[in-house]
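In order, the protein sequences belong to chains A and B.
For the first sequence, numbering that gives the first Met the number 0 gives the first residue as 0, with consecutive numbering after it.
For the second sequence, numbering that gives the first Met the number 0 gives the first residue as 0, with consecutive numbering after it.
Yeah, the Cβ is synthetic: ideal placement off N, Cα and C, and Gly gets one too.
Small disclaimer: the values here were computed from a predicted structure and weren't measured.
Beneath this line is the structure, given in structure tokens, with notes to follow.
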Amino acid sequence: MTDKKQDLIDQKLQYLNNDGIDRRGFLKCMAWAGTGLVWTLSGGIPVSRAFAKSMERHAHKGDFSFVQISDSHMGFSKPANPDVVTTLQAAVDKINGLAQPPEFLLHTGDISHLSKQEQFDNVDQILKSASAKDVFFVPGEHDVLDDNGMSYLKRYGKSAQGAGWYSFDKQGVHFIGLVNVTNLKAGGLGSLGGDQLGWMEKDVKHLKHSTPIVVFAHIPLWSVYPDWGWGTQDSAQALGYLKKFGSVTVLNGHIHQTMQKIEGNVTFHTAMSTAFPQPQPGKADSPGPMKVPAEQLRSVLGISDLNYVHGQHSLAVVDSTLG
Amino acid sequence: MTRKNVWAAGATPLMMAILVLFAGSASVTANDQAAAANAEVKIDNFSFGPETLTVRVGTTVTWTNRDDIPHTVVSTDGVFKSKVRDTDEKFSYTFAQVGTYPYYCSVHPKMTGKVVVQ
Numbered sequence: 000m001t002d003k004k005q006d007l008i009d010q011k012l013q014y015l016n017n018d019g020i021d022r023r024g025f026l027k028c029m030a031w032a033g034t035g036l037v038w039t040l041s042g043g044i045p046v047s048r049a050f051a052k053s054m055e056r057h058a059h060k061g062d063f064s065f066v067q068i069s070d071s072h073m074g075f076s077k078p079a080n081p082d083v084v085t086t087l088q089a090a091v092d093k094i095n096g097l098a099q100p101p102e103f104l105l106h107t108g109d110i111s112h113l114s115k116q117e118q119f120d121n122v123d124q125i126l127k128s129a130s131a132k133d134v135f136f137v138p139g140e141h142d143v144l145d146d147n148g149m150s151y152l153k154r155y156g157k158s159a160q161g162a163g164w165y166s167f168d169k170q171g172v173h174f175i176g177l178v179n180v181t182n183l184k185a186g187g188l189g190s191l192g193g194d195q196l197g198w199m200e201k202d203v204k205h206l207k208h209s210t211p212i213v214v215f216a217h218i219p220l221w222s223v224y225p226d227w228g229w230g231t232q233d234s235a236q237a238l239g240y241l242k243k244f245g246s247v248t249v250l251n252g253h254i255h256q257t258m259q260k261i262e263g264n265v266t267f268h269t270a271m272s273t274a275f276p277q278p279q280p281g282k283a284d285s286p287g288p289m290k291v292p293a294e295q296l297r298s299v300l301g302i303s304d305l306n307y308v309h310g311q312h313s314l315a316v317v318d319s320t321l322g
Numbered sequence: 000m001t002r003k004n005v006w007a008a009g010a011t012p013l014m015m016a017i018l019v020l021f022a023g024s025a026s027v028t029a030n031d032q033a034a035a036a037n038a039e040v041k042i043d044n045f046s047f048g049p050e051t052l053t054v055r056v057g058t059t060v061t062w063t064n065r066d067d068i069p070h071t072v073v074s075t076d077g078v079f080k081s082k083v084r085d086t087d088e089k090f091s092y093t094f095a096q097v098g099t100y101p102y103y104c105s106v107h108p109k110m111t112g113k114v115v116v117q
């Protein structure tokens, strides 16, 4: 490469550095940072925003980070992972090893495998050893079996409404926890329902357009793969209420793999599971647990570290595997 | 042929036919009983097999989960509803009335099936 060409590239990198990084710069940064960043861009803009910022210590007051974990499936013990306790513990160890300790954790559901009390107890116990003491949950379909979510609500829904939806604020960022795994109709996808949508509309109505929004729910709120139920039938309405906001991040689980999509002001992101991986859309007969060689298991399980930098357009997401 | 022989000649095929008829209906009865006793649906790979099962009224249908993920069996018309079934667990329902019974897995609603009761 000529010096002139290199100069042009460097100029471009510098120009984009405050706003975003183009793909070449992204790869340069990745090699330098050496993180376990694993994400698939599908249909979105191939720009990683604020990636460099996530590696610095929080420069401004009001900056903070949190971690998303998902799909711990406590109680699962089939060949895909005979020991989900150890891998969840490994996820907690990973959290505790982060350079910047997270303020809190978000668990995007399928906490338990069979909605059993002892399974919820186990997860609560393991999460107690995380550096972040506050954990915010939303249920997965495995958490609301048999009793339509009564035992989930009893344990996790104290300040929630309906099937367990709620919102809270952290450092000026508005978090909305949604439930899309109850009252599912035959042949359908995930579902939010009229009551929840009505609540959400009111919840965001009077917020300033500059308020960063983070929505978290179990089943993806975008159409990842409808044949496998990987989507929510009435999510368009929910996203419609968020159109006025400049920064919206949607965090989901359920699919046990990372996937990312950017649509205008909305960044969609799904997390890995801490229990077992699932196949990529359409790459298997069904979306069930995917067996990998034992020594590779930890490389397909993981956590997501999210960084909010005051004034930045979007949160920086760094996914890391357990091993 | 003499009249006697003609009669004999005619009777034998007739008797044969009657015997065959009885033999035939005996085995039909046996089959009916087998069908009325029980019928199976296997749950595997996020699907019900067979997807449409036709049975006689009075049949007990047993669903067995052979998948490595739990599922449920829930009638879309509120007629029956299983608790969650993990691998190797079963759910049975006896269909006392003629009709068509669509059902699905309430955990993975894309999984649908149908029992036709005649």
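Who are the Cβ neighbours of residue i in its own chain at under 6 Å, not counting the five residues just before and after it?
i	result
Gly252 of chain A	Ser69, Asp70, Thr107, Gly108, His217 and Ala270
Asp62 of chain A	Val308 and His309
Pro286 of chain A	Trp227 and Gln277
Phe119 of chain B	One cannot answer for residue 119 of chain B here, as it falls past the ends of chain B, which runs 0 to 117.
Ile175 of chain A	Ser166 and Val214
Thr93 of chain B	Thr59
Leu314 of chain A	Thr248, Leu305 and Tyr307
His268 of chain A	Leu250, Gln259 and Val316
Glu68 of chain B	The amino acid at residue 68 of chain B is misidentified as Glu; the sequence shows Ile. So the list is empty, once near-sequence residues are dropped.
Using C-beta distances below 7 Å, list every residue in its chain close to residue i, excluding the 5 sequence neighbours before and after it, in chain order.
i	result
Asn182 of chain A	Ser190 and Gly192
His208 of chain A	Lys243, Phe244 and Gly245
Val172 of chain A	Pro211, Val213 and Tyr307
Pro288 of chain A	Lys77, Ala79, Phe275 and Gln277
Ile42 of chain B	Trp62, Thr63, Asn64, Arg65, Asp66 and His70
Ser74 of chain B	Lys80, Tyr100 and Tyr102
For the candidate residues the options, whose alpha-carbon lies nearest to that of residue i?
i	options	result
Ala95 of chain B	B:Pro49, B:Thr58, B:Cys104 and B:Ala38	B:Thr58
Leu177 of chain A	A:Gly187, A:Gly171 and A:Phe135	A:Phe135
Asp146 of chain A	A:Pro138, A:Ser114 and A:Tyr155	A:Ser114
Met199 of chain A	A:Leu220, A:Pro219, A:Leu238 and A:Thr273	A:Leu238
Pro101 of chain B	B:Asn37, B:Lys41, B:Ala38 and B:Phe47	B:Phe47
Ser272 of chain A	A:Ser64, A:Arg297 and A:Leu305	A:Arg297
Asp318 of chain A	A:Pro81, A:Thr86 and A:Ala90	A:Ala90
Asp284 of chain A	B:Thr51, B:Asn44 and B:Ser74	B:Asn44
Leu241 of chain A	A:Lys201, A:Val143 and A:Lys93	A:Lys201
Val106 of chain B	A:Val143, A:Leu97, A:Asp82 and A:Asn95	A:Val143
Val299 of chain A	A:Gly322, A:Gln88, A:Gln311 and A:Gln236	A:Gly322
Lys169 of chain A	A:Leu105, A:His205 and A:Val265	A:Leu105
Met110 of chain B	A:Lys153, A:Asp82, A:Tyr155 and A:Lys184	A:Lys184
Ser64 of chain A	A:Ile94, A:Ser150 and A:Lys290	A:Ile94
Thr320 of chain A	A:Asp82, A:Pro81 and A:Leu87	A:Leu87
With residue i and residue j assumed to form a contact (beta carbons below 8 Å), what rounded beta-carbon distance in angstroms separates them?
i	j	result
Ala162 of chain A	Gly148 of chain A	6 Å
Ser130 of chain A	Pro100 of chain A	5 Å
Ile302 of chain A	Val66 of chain A	6 Å
Leu188 of chain A	Gln232 of chain A	5 Å
Phe75 of chain A	Val137 of chain A	About 19 Å separates the two Cβ atoms, so there is no contact after all.
Val56 of chain B	Val116 of chain B	5 Å
Trp164 of chain A	Gln195 of chain A	5 Å
Val54 of chain B	Val114 of chain B	7 Å
When the distance is taken between beta carbons, is residue j closer than 9 Å to residue i?
i	j	result
Glu61 of chain B	Asp87 of chain B	Reading off the sequence, residue 61 of chain B comes out as Thr, not Glu. No, the pair does not count as a contact, with Cβ atoms beyond the cut-off.
Val213 of chain A	Thr257 of chain A	no
Phe103 of chain A	Lys132 of chain A	yes
Val223 of chain A	Pro292 of chain A	no
Asn179 of chain A	Ser111 of chain A	no
Pro108 of chain B	Gly139 of chain A	no
Pro219 of chain A	Ile254 of chain A	yes
Glu39 of chain B	Gly112 of chain B	no
Trp221 of chain A	Glu262 of chain A	yes
Can you tell me which residues form a DSSP beta bridge with residue i?
i	result
Asn306 of chain A	A:Ser64 and A:Ala315
Tyr102 of chain B	B:Ser74 and B:Gly112
Glu262 of chain A	A:Val265
Leu183 of chain A	Answer is none; Leu183 of chain A lacks a bridge partner.
Thr320 of chain A	A:Gly301
Leu250 of chain A	A:Phe215 and A:His268
Trp62 of chain B	B:Val40 and B:Phe90
His173 of chain A	A:Asp168 and A:Ile212
Could you work out which residues of chain E lie near residue i, taking near to mean beta carbons separated by less than 8 Å?
i	result
Pro288 of chain A	Although the question refers to chain E, the structure presented lacks it and instead comprises the protein chains A and B.
So, for residue i: in the same chain, excluding its five sequence neighbours on each side, which residues have a beta-carbon less than 8 Å away from its beta-carbon?
i	result
Val84 of chain A	Met73, Asn121 and Ile125
Ala25 of chain B	At Ala25 of chain B the pLDDT is 46, less than 50, meaning the model places this residue with poor confidence; the figure from the coordinates comes in the next sentence. Around Ala25 of chain B: no qualifying Cβ.
Ala49 of chain A	Confidence at Ala49 of chain A is low in this model, with a pLDDT of 38, below 50, so the placement of that residue is unreliable and no value is reported for it.
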